[in-house]
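Quick notes on the structure that follows.
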DNA sequence: AGAAATATTATGTGCATGCTTAAAAACTTT
DNA sequence: AAAGTTTTTAAGCATGCACATAATATTTCT
């Protein structure tokens with residue numbers, strides 16, 4: 001007769017779906033819910049933690065628990081290592097280095113790191129391919145002041161992507177998604193038309209405030225990032 | 001001297017960052033960690049729950065806890081109601097209905113719902129504006145078989161977005177992000193060039209298997225979706 | 001009346017303990 | 001050796017209890 005925390009969570013969700021609980025509605029306190037569901041307050045707490053994390057309810061000390069007033073769509077995306085994404089889809093992965101040079105970062109890159117001054121950085125561009133077809137074009141800036149070892153890595157064999165993920169963990173990461181028109185170079189490498197709309201995943205990482213890398217993963221035409229919400 | 005769960009989580013994170021724990025490494029079991037941190041197993045469990053949810057560790061019964069072998073970037077995006085997003089940025093929100101008609105859904109839409117047959121649906125297009133400037137163009141298909149009440153709503157006053165969110169909760173939601181070239185109509189409405197690359201957030205929702213709505217939110221040129229990971 | 005101090009209350013966190021469950025490992029049987 | 005069975009192990013779940021903390025409500029003081 002008594003419930004586990006999943007049952008409680010699902011029952012609250014059901015009440016929201018059935019409109020027995022409307023946005024802004026106040027729930028009974030944990031103690032009362034525990035009595036209703038014939039379980040301990042700890043179990044209710046566990047269910048409420050989950051509902052709060054998914055954005056279904058708001059919890060405030062003394063204020064109690066309320067159904068979120070303005071429902072949002074909360075989605076979690078996992079951005080994997082490109083090689084693994086390709087292999088997971090059962091395709092053959094290959095990679096080649098397009099360019100590698102040391103340059104002063106343009107303002108766009110410096111400002112993304114929160115740096116006032118343009119700095120010398122290692123700039124690497126590379127192409128990831130699935131079944132010999134272009135898949136993702138990677139345009140990367142690496143703060144070689146923070147990660148000097150990268151200068152000794154043979155990037156024509158191993159992608160900077162993987163080397164960094166394995167050897168330089170980060171403490172902070174900012175992700176942005178955007179669309180951009182294909183430049184002539186991008187169009188050539190990704191086998192698309194110039195001016196085609198391309199989907200871009202941009203990631204900037206730091207370790208304890210020091211910049212590590214900023215990468216634009218520019219996907220082939222038609223690429224979609226999919227996730228299930230809730 | 002004893003730790004709370006946040007301290008434990010942060011210490012494990014630190015060990016990963018400092019490469020004291022490498023990907024694939026096995027952690028001591030909860031009991032041993034509890035002794036190390038001089039706290040109860042429950043507290044360790046709480047920290048591990050958080051680390052598992054953020055994708056830092058993998059936990060398997062009997063298998064124990066290991067540092068995630070292939071680190072991924074896990075990001076949570078909250079997609080708010082457009083009006084609230086605009087108002088939160090301190091801008092003035094306005095909205096107008098562009099079109100409203102009943103049409104047979106094209107294959108692209110039907111297949112997004114997982115429907116084999118094309119079905120009659122209500123198709124609504126509308127423009128959301130910030131400070132009188134175009135912000136997001138909304139191209140929506142509504143399964144009026146599932147939600148007949150929508151036919152009586154005055155969509156020139158209230159956006160379908162808000163009416164649905166308030167009146168038709170969903171049990172399942174699929175989100176996809178992509179880039180598309182501006183059509184002539186989109187370019188006109190969003191004050192962009194034809195062929196400009198536009199960022200699209202597409203959401204499809206169901207309630208217990210029955211389709212509710214599919215919406216393409218087509219953002220103005222230059223729009224970026226930003227999130228902090230971890 | 002308005003400000004400051006105090007009490008109240010609901011959630012948050014932690015502890016000790018025991019039972020459940022999935023999966024690996026060990027063992028048996030074919 | 002392969003296949004099936006049992007055992008063991010480590011994480012997951014649940015309980016009851018106590019104290020911490022933050023936000024609100026109430027009272028006291030000026």
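Chains as they are written, first to last, in the numbering used here: chain L, 1 to 230; chain Z, 1 to 230.
From the three backbone atoms N, C-alpha and C, an ideal C-beta is built for every residue, glycine too.
Handout entry: Contact list for residue 127(L) against chain Z, beta-carbon separation under 9 Å
Key = Under the 9 Å cutoff, chain Z gives no residues; its nearest Cβ is about 18 Å from residue 127(L).
Practice task
Report the three-state DSSP secondary structure of residue 42(L) (helix, strand or coil).
Solution key: Helix, per DSSP.
Handout entry: Exposure label - residue 137(L); buried when at least 16 CB within 10 Å
Key = Looking at its Cβ environment, which holds 16 or more other Cβ atoms inside 10 Å, residue 137(L) is buried.
Practice task
Please say whether residue 124(L) and residue 140(L) have beta carbons closer to each other than 7 Å?
Solution key: Yes, these two residues count as a Cβ contact at 7 Å.
Practice task
Could you tell me whether the Cβ of residue 138(Z) comes closer than 7 Å to any Cβ of chain L?
Solution key: So, not an interface residue.
Exercise for the section: Closer than 7 Å, Cβ to Cβ, to anything on chain L: give me those residues from the segment 83 to 94 of chain Z, in chain order. Expected result: Closer than 7 Å at the C-beta level to chain L, one finds these residues of the segment 83 to 94 of chain Z: 84.
Exercise for the section: Under 8 Å Cβ to Cβ from residue 155(Z), same chain only, skipping five residues before and after it: list those, please. Expected result: Hits under 8 Å: 97, 100, 124, 126 and 163.
Practice task
Can you say whether residue 169(L) is buried or exposed, counting buried as having 16 or more other CB atoms within 10 angstroms of its CB?
Solution key: The residue is buried, with at least 16 neighbouring Cβ atoms inside 10 Å.
Handout entry: the segment 207 to 227 of chain L touching the segment 173 to 180 of chain Z, judged by at least three CB pairs closer than 8 Å
Key = Put simply, the segment 207 to 227 of chain L touches the segment 173 to 180 of chain Z. At least three CB pairs are less than 8 Å apart.
Exercise for the section: Select from 39(Z), 94(Z) and 53(Z) the residue whose C-alpha is nearest the C-alpha of residue 157(Z). Expected result: The shortest C-alpha separation from residue 157(Z) is found at 94(Z).
Practice task
Might you give, ordered along the chain, the residues of its own chain that have their beta carbon closer than 6 Å to the beta carbon of residue 207(Z), omitting 5 neighbours on each side?
Solution key: Closer than 6 Å at Cβ, skipping near neighbours: 170 and 171.
Exercise for the section: Assign residue 102(Z) to one of two classes, buried (16 or more other C-beta atoms within 10 Å of its C-beta) or exposed (fewer than that). Expected result: Exposed.
Exercise for the section: For residue 78(Z), decide whether its Cβ has a neighbour in chain L, counting only Cβ atoms nearer than 7 Å. Expected result: Output row for residue 78(Z): interface = yes.
Exercise for the section: For residue 29(L), collect the residues of the same chain with a Cβ closer than 7 Å to its Cβ; drop the 5 residues on either side in sequence, then sort them by chain order. Expected result: Within the same chain, residue 29(L) has close Cβ partners 64.
Exercise for the section: Could you name the residues that DSSP lists as bridge partners for residue 139(Z)? Expected result: Answer is 125(Z) and 216(Z).
Problem - Closer than 7 Å at the beta carbon, the chain L residues around residue 71(Z) - result: Per Cβ cutoff of 7 Å: 165.
Practice task
Could you have a look at residue 238(Z) and say whether DSSP puts it in helix, strand or coil?
Solution key: Outside the shown range of chain Z, which is 1 to 230, sits residue 238(Z), and nothing can be said about it.
Exercise for the section: Please classify residue 191(Z): is it buried, with 16 or more other beta-carbons within 10 angstroms of its beta-carbon, or exposed? Expected result: It is exposed - the Cβ of residue 191(Z) has fewer than 16 other Cβ atoms within 10 Å.
Practice task
Answer yes or no: does any C-beta atom of chain Z fall closer than 7 Å to that of residue 220(L)?
Solution key: Chain Z, which has no Cβ nearer than 7 Å to the Cβ of residue 220(L), makes this no.
Problem - Under the three-state DSSP convention, the category residue 36(L) falls into - result: Helix, per DSSP.
Practice task
Please list, in chain order, all residues of the same chain as residue 175(Z) whose beta carbon is under 6 Å from its beta carbon, the five residues on each side excluded.
Solution key: If the five residues before and after residue 175(Z) are omitted, its C-beta is found closer than 6 Å to the C-beta atoms of 203, all from its own chain and listed in chain order.
Exercise for the section: Pull up the DSSP beta-bridge partners for residue 134(Z), would you. Expected result: Looking at the DSSP assignment, residue 134(Z) forms a beta bridge with 129(Z).
Practice task
Just the C-alpha distance for residue 26(Z) and residue 106(Z), rounded to the nearest angstrom, thanks.
Solution key: Each residue's Cα considered, the two are about 51 Å apart.
Practice task
Identify each residue in the segment 19 to 40 of chain Z for which the Cβ-Cβ distance to at least one residue of chain L is less than 8 Å, and report them in chain order.
Solution key: If you check each beta-carbon in the segment 19 to 40 of chain Z against every beta-carbon of chain L, the ones closer than 8 Å belong to 19 and 23.
Exercise for the section: Step through the CB atoms of chain L and report whether any lies within less than 7 Å of the CB of residue 178(Z). Expected result: Answer yes: the Cβ-Cβ gap between residue 178(Z) and chain L drops below 7 Å somewhere.
Exercise for the section: Would you verify that the beta carbon of residue 15(Z) is, or is not, closer than 7 Å to some beta carbon of chain L? Expected result: Residue contact check for residue 15(Z) against chain L: no CB pair falls below 7 Å.
Handout entry: Entirely enclosed alpha helix (DSSP H) segments - the segment 82 to 125 of chain Z, minimum 4 residues
Key = Qualifying alpha helix (DSSP H) stretches, in chain order: 82 to 88 and 107 to 113.
Handout entry: the ligand FMN heavy atom lying under 6 Å from the CB of residue 4(Z)
Key = Within the structure as shown, the ligand FMN is missing, as the structure has no ligands at all.
Handout entry: Assigned secondary structure, residue 194(Z) (DSSP; H/G/I helix, E/B strand, else coil)
Key = DSSP places residue 194(Z) in coil when its eight states are reduced to three.
Exercise for the section: Let me know the secondary structure DSSP gives residue 244(Z) once reduced to three states. Expected result: Summary: the structure shown does not reach residue 244(Z), with chain Z confined to residues 1 through 230, and so no result is reported for it.
Practice task
Could you tell me which chain L residues have their CB closer than 8 Å to the CB of residue 188(Z), listed as they occur along the chain?
Solution key: Per Cβ cutoff of 8 Å: no residues; residue 188(Z) is ~17 Å from chain L at best.
Problem - Within 7 Å, strictly: CB atoms of residue 295(L) and residue 213(L) - result: Residue numbering for chain L in the displayed model covers 1 to 230; residue 295(L) lies beyond these limits and cannot be assessed.
Problem - Terminal residues of the beta strand (DSSP E) in which residue 179(Z) lies - result: Where residue 179(Z) is concerned, the enclosing beta strand (DSSP E) stretches over 172 to 181.
Problem - Alpha carbon of residue 225(L) to alpha carbon of residue 91(L), nearest angstrom - result: Taking the straight line from one Cα to the other gives about 18 Å.
Exercise for the section: Look at the Cβ atom of residue 47(Z), then the Cβ atom of residue 72(Z), and state whether they are nearer than 7 Å. Expected result: No. Outside cutoff.
Exercise for the section: Return yes when the Cβ of residue 165(L) is within less than 7 Å of the Cβ of residue 130(L), no when it is not. Expected result: Using a Cβ distance threshold of 7 Å, residue 130(L) and residue 165(L) do not count as a contacting pair.
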